[in-house]
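Visitor: Below is a structure I'd like to ask you about.
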Amino acid sequence: MSSNTDQETAPIAAPRNGSAGSVFRSFGSLFGGNNSDTNTRPQTPQSGDGYVEFGMQNPERSGRTLGTFAGVFSPVALSMFSALVFIRVGYIVGNAGLYITLLQFLIAYGILLFTVASVCAISTNGAIEGGGVYFMISRTLGLEFGGSIGTLFFFANVVGSAMAISGCTEGIMDNFGPGGHFVGDGATLPDGKWWRFLTSSIINTCQLLVCLVGAALFAKTSVIILATVTVSLVATYISFLALGGNNDKIPVPVENTYYNQSTFLPYTGLSANTLSDNLGAQYGHDYTSNNKMVDFSTTFGVLFSGVTGIMAGANMSGELKNPAKSIPWGTLSAVAFTFVSYIILSFLMSCTTPGVTMRNNYLFLMPVNAWPPFTAIGILTATFSTGLSNLIGSSRILEALSKDQVFGSLLNFVLHGTWKGNPIAAVAVSWVMVECILLIGSFNIIAQINSVLFMLSYLATNLACLGIELTGAPNFRPLFKYFTWHTCLVGLLGTLIMMFVINPIYASICIILCLILVIALHLFSPATQAAQWGSISQALMFHQVRKYLLMLDPRKDHVKFWRPQILLLVSSPRSCCPLVDFVNDLKKSGLYIIGHVIVGDFQSVEDVEENQQWWSFLDHMRVKAFTEVTLSRSIREGVQHLTRLSGIGAMKPNTIILGFYDDEPPKDFFQNGSSPYKTDDFNAGEVHNFPIRRDGDPKHFKVQEYVQILCDTLRMKKNLCLCRNFQRLDKNFIAISKHVKYIDVWPINVFNPTSGDPFDMVSLFMMQLAVIMLAKWKHLRVRIFLCETNDERTVGTFDTQSPQMEIFSKLKLQQSLKELRITADIIEIEEWSRDSDFVRHARTLKQYTAQADNTLPEDDDGDETMNRSLLYMQRANQIIRDRSDQTALSFIYLAAPPKLTTKDFAARSASYVELLTELTADLPPTILVHGVSTVTSTTL
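Take -4 as the starting number for the sequence shown in the numbering used here and just add one per residue.
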């Protein structure tokens, strides 16, 4: 059987009708044209406000009711105070000393400040919806990074909520448990690991109830809670300044088994000696973590976990009236406020409280306060509000992940579990996960995990801003100007380093988890989401690819590094799927372009660009290729455009592949039930994308134009391949079959056989292609058929070649293959020199070819010459076919086509294609090859 021109040949589409007038009329309306649409008066807004007139949504009616102070400043300040302010600042100062404590605060707030700058830049570069930080990162970095970092940020908020609840439980037990400050000798709350877990669960459930009522209630009460914490903190400052020492009246906590509980801890009040003693580090044991030794990393991990609330305001973005304004100013002011508060508190502790007290009673602020209930109230309100803020934040992030279908249908239950805008199902999931984290028990261990997770999210935020800044995207124009790529880089490196300082194991696990999520989302996430959001990876790749393309100098090309850069010309993808798939393997990591020509006039074609459906075709075929579609008045002219203009810079096609010109009707691989390429994606009812020529329809161009395309390709110094019978190619069958064993190479110019054919440029190009395919089909072997010929240029007549010459040719070919590092079996074929009729017919064809070059007088008996040539080709075809029973693929030497200046070019073209048709009839998938450039190297 034969294949078809339309099946794998030069691209063509039937001329299409349409008008571009409507397009130009649309453009005209932009410049004051008399389009009827431009004279239509806009309707008056019906809402009574200005939002409808400008296409905006009234924030009051969309549920956005929070301003800067209530929506951003209060949640951020409360989250940054958390349990640290009343429970763990003494732990840090007592172990690390004042100097290192101040250094740690500077490092932590430096990282926070740089990250806040990035957050402000991203948040003022476009409209922000619900989801807060996740929304910003996902829309900036893209689905893969945004989804994975959003997931980790969800876990960070869950861990942060558990940490705050653990701190709240610690405050309750130290005040109302055994030996508590408020119970004296009366009844106390039972203490122990599981009793503390029960207390934490009760607190977590109370937070759940508040969340079910809605985030607006928390936002409204956050101002009152912040005021309460501030009053308690101010009372602590006053107590430090106004009260003197109480002579060792601070008790040792019951759970502190390391220190002698029969004694009391000292408190001196303001004292220069106390300050001097507390300047340096005095690391001790942590009595809440099985008396583990404290060091710089553990103190910094606890410190940073307490100031990770800078994203609390961004998490409320869905409830803010003006997120772009509120997030920057509210966050920056809260950071400044908490920083000053912590520095003052650390200094006063160093001046009044000995290190031994701060190391052995983390709640020593209670007995030193002028009115101890202030401290108790501050602890409970600060920790409860922080836990609640993180629980709300985690539920909102989970809701955003489900809305974006980041994990497909896995989170659909979250969408179904939303009632009146409140994500009840997301809140419930967050509550369950907080319960799981509470099983860890130790506040300090939870704090380290929390710090690492938040740092990773901050790292991603800095990375997002840095990436956009480096790509120079014109649309990155944030209103917040106080940042540069330097601040992003410093923030990124700072978070990365301090992650590993806190805990290398936790940091490594989080990064690995993040990378796994990135890879999983890249492989399984829907491409439509990435197209809607945009991806920073695309911008970065464009930036880098452009830079390296400019560095790729074609003048420095060397044959040692040659690889096929292929332009495959197709008519309809429906009929050439096996060939498209095959060329994807043949390209050897080189450039691969699929070209198509639309025949018509530019003004008469409605849709010149068809890239969308072509990209869909590439996705369906899973090939690494580009597409080029051009419009021209003829197929030949379009192919000239594609051949000369495809590619960019030094990445230009060096090999042009076409299908074969024959009469067999094409096969629709999209509709064939047994085809591995079957799909309905390109069918819209009765309308089929990529139409193909049906049986009986005339061809779109003549054989003369086809041969002209071949001549043009060789004139432009491009290697040429003609592919036939590829509708028979079945890669899956070749991979599993034990019958198919060979890739065949026929290095003989059948039109003009000579003894030098196996060693010329065309044959070496065929061998190179065969070796490339051998790398894909490793179980096959390459066979090279050495056809023994008599070269008229040396012996004058077609006499029998001597045995010595035969041995010499084989040895020469073996040596050549050895130098080229090609492993192949050499099979000798004697018909070209031993069969007298065959030799006589070959001489006739050679004379006929010479006539085409105007080197011999024309033969008056043209029909007889053509008949003998056809007999010769049929005999050559029989020789090849007899040896192709176990062949997967054949490479055959393609003789050069008739020159364009040849007399009677049309007749010569038809004869040339007819002879090639006879030569390749009923063969396995076959590639006729004509190489014009050196592609092999024997040197180092």
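Glycine included, each C-beta is placed from N, C-alpha and C at the ideal position.
The structure displayed is predicted, hence computed values, not measured ones.
Pick helix, strand or coil for Val47, following the three-state DSSP scheme.
Guide: Walking along the sequence shown from the start, residue 47 turns up at place 52. Any answer about Val47 is weak, because its pLDDT of 36 lies below 50 and its placement is not dependable; what the coordinates show is given next. Coil at Val47, not helix or strand.
Visitor: Does the Cβ-Cβ distance between Leu516 and Ser906 come in under 8 angstroms?
Guide: The residue you call residue 516 lines up with position 521 of the sequence shown. The residue you call residue 906 lines up with position 911 of the sequence shown. In this structure, Ser906 does not lie closer than 8 angstroms to Leu516 by Cβ.
Visitor: Any idea what DSSP makes of Thr200, helix, strand or coil?
Guide: Translated into positions along the sequence shown, residue 200 becomes position 205. If DSSP states are grouped into helix, strand and coil, Thr200 belongs with the helices.
Visitor: Does the beta carbon of Lys694 come closer than 8 angstroms to any beta carbon on chain D?
Guide: Going by chain labels, chain D is absent from the structure shown, which holds only one protein chain.
Visitor: Buried or exposed: where does Phe780 fall if 16 or more other Cβ atoms within 10 Å of its Cβ makes it buried?
Guide: What you label residue 780 is simply residue 785 of the sequence shown in a count that begins at 1. Buried is the call here.
Visitor: Once you ignore the five residues that flank Cys585 on each side, which residues in its own chain have a CB closer than 8 angstroms to its CB?
Guide: As a first step, residue 585 must be located in the sequence shown, where it is residue number 590. Residue 585 is actually Gly in this sequence, not Cys. Arg558, Pro559, Gln560, Ile561, listed in sequence order.
Visitor: Can you have a look at Pro573 and say buried or exposed, based on whether 16 or more other CB atoms are within 10 angstroms of its CB?
Guide: Taking the sequence shown and counting its residues from 1, the one referred to as residue 573 is at position 578. Result: buried.
Visitor: Just the C-alpha distance for Ala871 and Gln598, rounded to the nearest angstrom, thanks.
Guide: Looking up residue 871 in the sequence shown gives position 876. Looking up residue 598 in the sequence shown gives position 603. Taking the straight line from one Cα to the other gives about 49 angstroms.
Visitor: Tell me which residues share the same chain as Leu911 and place their Cβ nearer than 7 angstroms to its Cβ, disregarding the 5 neighbours each side in the sequence.
Guide: As a first step, residue 911 must be located in the sequence shown, where it is residue number 916. Closer than 7 angstroms at Cβ, skipping near neighbours: Leu923.
Visitor: In whole angstroms, what is the alpha-carbon distance linking Leu383 and Cys206?
Guide: Residue 383 sits at position 388 when you count from the first residue of the sequence shown. Residue 206 sits at position 211 when you count from the first residue of the sequence shown. Cα-Cα distance, rounded: 8 angstroms.
Visitor: Please go through the segment 872 to 921 and give each complete beta strand (DSSP E) segment of 3 or more residues, from N-terminal end onward.
Guide: Runs found: 882 to 888.
Visitor: When the Cβ atoms of the segment 683 to 690 are set against those of the segment 881 to 897, are three or more pairs found closer than 8 angstroms?
Guide: No, the segment 683 to 690 is not in contact with the segment 881 to 897.
Visitor: Taking the C-alpha atoms as reference points, what is the distance between Phe612 and Asn606?
Guide: Counting from one through the sequence shown, the residue named residue 612 turns up at place 617. Counting from one through the sequence shown, the residue named residue 606 turns up at place 611. So the alpha carbons of these two residues sit roughly 10 angstroms apart.
Visitor: Give the secondary structure of Val927 by DSSP, where H, G and I count as helix, E and B as strand, and everything else as coil.
Guide: Looking up residue 927 in the sequence shown gives position 932. Coil, per DSSP.
Visitor: Let me make sure I understand the geometry here. Which of Gln699, Trp772, Leu717 has the alpha-carbon closest to that of Asp899?
Guide: Within the sequence shown, residue 899 is the residue found at index 904, counting from 1. Of Gln699, Trp772, Leu717, the residue nearest in Cα terms is Gln699.
Visitor: Checking the sheet assignment: what are the DSSP bridge partners for Gly972?
Guide: Since the first and last residues shown for the chain are -4 and 935, residue 972 lies out of range.
Visitor: Return the CA-CA distance between His734 and Val575, expressed in angstroms with no decimal places.
Guide: Looking up residue 734 in the sequence shown gives position 739. Looking up residue 575 in the sequence shown gives position 580. His734 and Val575: Cα-Cα distance of roughly 25 angstroms.
Visitor: Going by the beta-carbon positions, is the gap between Ala329 and Phe68 smaller than 8 angstroms?
Guide: The residue you call residue 329 lines up with position 334 of the sequence shown. The residue you call residue 68 lines up with position 73 of the sequence shown. Yes, the Cβ-Cβ distance between Ala329 and Phe68 is below 8 angstroms.
Visitor: State buried or exposed for Val80, treating a residue as buried only when at least 16 other CB atoms are found within 10 Å of its CB.
Guide: In the sequence shown, residue 80 corresponds to position 85, counting from 1. Flag for Val80 reads buried.
Visitor: Exposed or buried, Gln443, counting other C-beta atoms within 10 Å across all chains shown (16 or more means buried)?
Guide: As a first step, residue 443 is located in the sequence shown; it is residue number 448 there, counting from the start. The residue is buried, with at least 16 neighbouring Cβ atoms inside 10 Å.
Visitor: Between the Cα of Leu343 and the Cα atoms of Gly325, Leu265, Lys316, which residue gives the shortest distance?
Guide: Mapped onto the sequence shown, residue 343 falls at position 348. The shortest Cα separation from Leu343 among Gly325, Leu265, Lys316 belongs to Leu265.
Visitor: Assign Asn714 to one of three DSSP states: helix, strand, or coil.
Guide: Locating residue 714 in the sequence shown gives position 719, counting from the first residue. Asn714: strand per DSSP, three-state reduction.
Visitor: What's the C-alpha gap between Arg903 and Gln703?
Guide: Along the sequence shown, read from residue 1 onward, the residue named residue 903 stands at position 908. Along the sequence shown, read from residue 1 onward, the residue named residue 703 stands at position 708. If you take the alpha carbons of Arg903 and Gln703, they lie about 11 angstroms apart.
Visitor: Tell me where the alpha helix (DSSP H) around Gly382 begins and ends.
Guide: Walking along the sequence shown from the start, residue 382 turns up at place 387. Residues 368 to 398.
Visitor: In the DSSP assignment, find the alpha helix (DSSP H) that holds Gly85 and state where it starts and stops.
Guide: Here residue 85 refers to the residue found at position 90 of the sequence shown. Per DSSP, Gly85 belongs to the alpha helix (DSSP H) from 84 to 118.
Visitor: Using the Cα positions of Val88 and Val447, report the straight-line distance between them to the nearest angstrom.
Guide: Taking the first residue of the sequence shown as 1, we reach residue 88 at position 93. Taking the first residue of the sequence shown as 1, we reach residue 447 at position 452. Their Cα atoms are separated by approximately 21 angstroms.
Visitor: According to the neighbour-count rule (16 or more other Cβ atoms, all chains shown, within 10 Å of its Cβ), is Trp414 buried or exposed?
Guide: On the sequence shown, residue 414 is found 419 positions in, with the first residue counted as 1. Burial call: exposed.
Visitor: Would you call the segment 537 to 550 and the segment 470 to 489 in contact, with 3 or more CB pairs under 8 angstroms?
Guide: In short, these stretches do not touch, since the Cβ pair count stays below three.
Visitor: Taking buried to mean at least 16 other C-beta atoms within 10 Å of its own C-beta, is Arg391 buried or exposed?
Guide: The residue given as residue 391 occupies position 396 in the sequence shown. Per the 10 Å Cβ criterion, buried.
Visitor: Among Asn90, Cys782, Leu405, whose alpha-carbon lies nearest the alpha-carbon of Ser341?
Guide: On the sequence shown, position 346 is the one that residue 341 refers to. Looking at the Cα atoms, Asn90 is the closest of the given residues.
Visitor: Just verifying my parser: in three-state terms, what is the DSSP assignment at Tyr282?
Guide: One-based indexing of the sequence shown puts residue 282 at position 287. Three-state result, Tyr282: coil.
Visitor: Helix, strand or coil: which one does DSSP assign to Leu360?
Guide: Within the sequence shown, numbered from 1, the residue matching residue 360 stands at position 365. Correct three-state label for Leu360: helix.
Visitor: Provide the residue span of the alpha helix (DSSP H) that contains Cys782, from first to last.
Guide: What you label residue 782 is simply residue 787 of the sequence shown in a count that begins at 1. Element bounds for Cys782: not the alpha helix (DSSP H) but the beta strand (DSSP E), 776 to 782.
Visitor: Would you mind listing the alpha helix (DSSP H) stretches within the segment 664 to 744 that are 4+ residues and don't spill past its ends, in chain order?
Guide: Counting only runs of 4 or more, we get 698 to 710, 726 to 731.
Visitor: Rank Leu406, Leu512, Asn445 by C-alpha distance to the C-alpha of Ala502 and give the top, closest one.
Guide: For the purposes of this step, residue 502 is identified with residue 507 of the sequence shown, where counting begins at 1. Among Leu406, Leu512, Asn445, the Cα nearest to that of Ala502 is on Asn445.
Visitor: If contact is defined by three or more beta carbon pairs under 8 angstroms, each pair taking one atom from either stretch, is the segment 314 to 327 in contact with the segment 450 to 467?
Guide: Segments in contact, no.
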